[in-house]
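Asker:
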Amino acid sequence: MTTHSDPSAEEAAQATLRAQEALARARQLARVLRRDAAVRDAQRILPHDALRLLREHDLLNLRTPLALGGAEIAYGDVVRVIAELARGDSNVAQLLIPHYVYLERLRLMGDDGIQQRIWRRVRRGALAGNASTERNTARSGEITIRLQPDDDGFRLTGRKFYSTPTLFADLVFATVLDVQERIVYAILPTDREGITRLDDWDGVGQRLTGSGTTIFENVRVEADEIVVVGDWMNRRHYTSSGAQILFAAVKSGIAHAALDDALDWAREGARPTRVSQVEHVTLDPHVQVLVGELSTAALGAELVLGRAADALTHASHVQYAESSRERLDDVLADTAIRTAQAQLATEQAALHIAQKLFDVGGTSTALRRHNFDRHWRNARTISLHDPIVYRSKAIGAHALRGEAPPLGFTY
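Residue numbers (our numbering): 9 to 419.
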């Protein structure tokens, strides 16, 4: 459906321009989102208005094919857009992670017919959500819900949790088993009879992502609504790192958001401590040292993220080019390591800055009306998506022994 070969110089220049325009729109929207982010979190105001703004700023079509009227910017530039949005409100940014991850897997793994239908819906403003995780399995990530044959189609019954952002979505990618025990995506409209979405996500952070329960009760699934993905479980592909890097992008945005609040508080809200003997917090040398450390941590994480984002763009081009399997595996393994480094760097920065923010301005920093603690809650919650210790292990094994990271959808 789309041309996946390496772009010409002119095509690359046009893609760069589209990416710059998308990034400018994201920065503009992030400034708007930041104004009320603390209030939305404190009062648990669901992001319906934010979703309207995402559509108005055309930020759901960043990878929609040019032929269908989308922007089709590089995947690495999507990473940068999500990081900018997270700087305004990390909840809103996380809404887009399943949207772009599952659409990218559709691009790689789906046939032309289903791609055409889904991309056209997205071009008209559809948001895609996920329904993958099951709560009562022996290990996280296991899939037990199966499609049941029904004439020339199937029926689906079961419950999923962590269904970001299906509560607000128009489409849902349900990860299930087919009759051959293969993992598949059933891509369904969320208003299909038998689908119920519950607003029961009660995490301490990322409270507004709609990551609760999706119930399927005897839902009709047509044969042409299915994409087989099980064959990709034992192959490297760029959409594995492509998922992980978007979580890193949100954490980078949280690091900058916490730093922004620290700077604003020091300039406009905080009082100097008595022992500092300065007239303003910004003149306190200890605060200056702290802010210097925090700003460097945020920038360092951003740079590591950018390096991984560029690697992801390259990997996506190699995936679609006529490359040898050996070369592709080498590129994808390197990209996975760079993405793991971005996960580690952004997580450390976000948690550290969110904690040290409170050292900028004294006891009044802890007043609930400021809701500064949301940055730590958000960072800690999203950090639990994939345990960082396994990222660190993969990085270390690669550095020490040259080991490639494990196969699967998580590296």
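Even glycine gets a Cβ: it sits at the ideal position worked out from N, Cα and C.
Give the secondary structure of Y462 by DSSP, where H, G and I count as helix, E and B as strand, and everything else as coil.
Answerer: It is not possible to answer for residue 462, since the shown part of the chain is limited to 9 through 419.
Asker: Beta-carbon within less than 7 Å of G118's beta-carbon, same chain only, minus the 5 sequence neighbours each way: which residues are those?
Answerer: V235
Asker: Can you pull the DSSP bridge partners for I203?
Answerer: F224
Asker: In its own chain, which residues sit with a C-beta less than 7 Å from the C-beta of T145, not counting the 5 before and 5 after it?
Answerer: T152
Asker: How is the alpha helix (DSSP H) around V339 delimited, first residue to last?
Answerer: 333-364
Asker: Counting along the chain, where does the beta strand (DSSP E) carrying R501 start and finish?
Answerer: Only positions 9 to 419 of the chain appear in this structure, which leaves residue 501 out of reach.
Asker: Determine the burial state of L375: buried for a count of at least 16 other Cβ atoms within 10 Å of its Cβ, exposed for fewer.
Answerer: exposed
Asker: Measure the alpha-carbon distance for G84 versus D318 and round it to whole angstroms.
Answerer: 6 Å
Asker: Sort Y398, R132, A34, R42 by Cα distance to V378 and report the nearest one.
Answerer: The sequence given here has His at residue 378, not Val. Taking only the C-alpha atoms, the option nearest H378 is R42.
Asker: Spatial neighbours of R333 within its chain, please: CB distance less than 7 Å, with the 5 preceding and 5 following residues excluded, ordered by chain position.
Answerer: none
Asker: Expressed to the nearest angstrom, what Euclidean distance is found between the alpha-carbon atoms of P157 and V229?
Answerer: 9 Å
Asker: When the distance is taken between beta carbons, is A136 closer than 9 Å to D97?
Answerer: The answer is no: Cβ separation not under 9 Å.
Asker: Let's see if you can read the secondary structure: which residues bound the alpha helix (DSSP H) around A146?
Answerer: Neither: A146 is in no alpha helix (DSSP H) and is coded neither H nor E.
Asker: Count Cβ pairs between the segment 173-192 and the segment 216-227 that sit closer than 8 Å; are there 3 or more?
Answerer: yes
Asker: Identify, in the order they occur along the chain, each residue of the same chain with its Cβ nearer than 8 Å to the Cβ of I390, setting aside the five sequence neighbours on each side.
Answerer: S98, Q102, G213, Q214, F255, V258, K259, I262
Asker: Please classify R95: is it buried, with 16 or more other beta-carbons within 10 angstroms of its beta-carbon, or exposed?
Answerer: Buried: at least 16 other Cβ atoms inside 10 Å.
Asker: Of the residues N242, E355, L111, I53, which one's Cα is nearest the Cα of A309?
Answerer: E355
Asker: Using a 10 Å radius around the Cβ and a threshold of 16 neighbouring Cβ atoms, would you call Q252 buried or exposed?
Answerer: buried
Asker: I need the DSSP call for G250, collapsed to helix, strand or coil.
Answerer: helix
Asker: Roughly how far, in whole angstroms, is the beta-carbon of R52 from the beta-carbon of L216, given that I think they are within contact range, below 8 Å?
Answerer: Indeed they touch by this definition, with Cβ atoms about 7 Å apart.
Asker: Could you tell me which of V86, D337, Y193 sits nearest to G238, measuring between CA atoms?
Answerer: Answer by Cα proximity: Y193.
Asker: At 3 residues or longer, and completely inside the segment 266-291: list those beta strand (DSSP E) runs for me, N to C.
Answerer: none
Asker: Can we say the segment 177-191 touches the segment 125-141, given the rule of at least three CB pairs closer than 8 Å?
Answerer: yes
Asker: Quick one: what's R167 bridged to in DSSP?
Answerer: DSSP lists I223 as partners of R167.
Asker: On a CA-only basis, which of T141, G202, Y170 is nearest V184? Give me that one, please.
Answerer: Among T141, G202, Y170, the Cα nearest to that of V184 is on T141.
Asker: If you draw a straight line from the alpha carbon of L298 to that of A38, how long is it in whole angstroms?
Answerer: Linking L298 to A38 through their CA atoms gives a straight-line distance of about 25 Å.
Asker: At the level of alpha carbons, what is the spacing between R88 and D159?
Answerer: 46 Å
Asker: Let me know the secondary structure DSSP gives T11 once reduced to three states.
Answerer: Residue placement at T11 is poorly supported in this model, since its pLDDT is 46, which falls under 50; the coordinates still yield a value, given next. T11 falls in the coil class under three-state DSSP.
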